[in-house]
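Each residue of the sequence shown is one higher than the one before, counting from 224 in this note's numbering.
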Amino acid sequence: MVGVDLQFDMAMRRGCYRGAGSRWMIGITAAAVVTLLLFALPTFWGDEGNDASIDPQQRLLARVVFAEGTFEPMPGKIAIARTVLNRVEDDAFPNELEAVVYQRNAFTAVTVRSRLWRLSKDPRQMNDLQKRRWEESLKAAAAAMNGRGDPRIIAYRVTTTRGGEGYFRQLEPVVTLGNHRFYKHAD
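Rendered as structure tokens:
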């Protein structure tokens, strides 16, 4: 039996064994190919595991909400989404949602490509808690797009954040929700 095992090992190293082991290897290879086709390639081709029924604008807005306010209560999530939408309508900011979201230094989680921002690109990779928070973010984005939230707010910051006071001095605080303080243009 030792001779057979040694012979098998040597044949496997040369890649010329055609016994039961090769059928096993073919099975493993086939499984790897199927896994690649089902999971890796659709992401590579641009299908990010996203539900096609969700509007791309809502998805982008939800990504900001998820990355910036995943631990906030629903009113805070809606206010974050509303801030983004209000900026689109404000003359001081770009007039396209994507331009506002990707504006340099506008949203920290987007600028630094936070873990939550990257994770929101493919919700299939989320754990159960993150999936619930993603669903909340989608609902908050939809609510803001349907007019919920304060139409005056144009900025927010985490209440414990230091720096950027120059910009926020020219704004007037409106409300604090969760860990975010929301601002409007000073009258």
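Beta carbons: idealized from backbone N, C-alpha and C, even for Gly.
In summary, Asn369 is exposed, with fewer than 16 beta-carbon neighbours lying within 10 Å of its beta-carbon over all protein chains present. Contact between Val287 and Ile303 holds, with the beta-carbon distance rounding to 7 Å and staying under 8 Å. Taking a C-beta distance under 8 Å as the contact criterion, Lys407 and Arg375 qualify as a contact pair.
In the DSSP assignment, Arg404 falls within the beta strand (DSSP E) that extends over 403 to 408. Per DSSP, Glu291 has no beta-bridge partner at all.
CA-CA distance, Ile377 to Leu394, rounds to 9 Å.
Residue pairing by DSSP leaves Tyr325 without any beta bridge partner. Going by DSSP, Val335 is part of no beta strand (DSSP E) at all; its letter is neither H nor E. The alpha-carbon of Pro296 is positioned some 6 Å away from that of Gly401.
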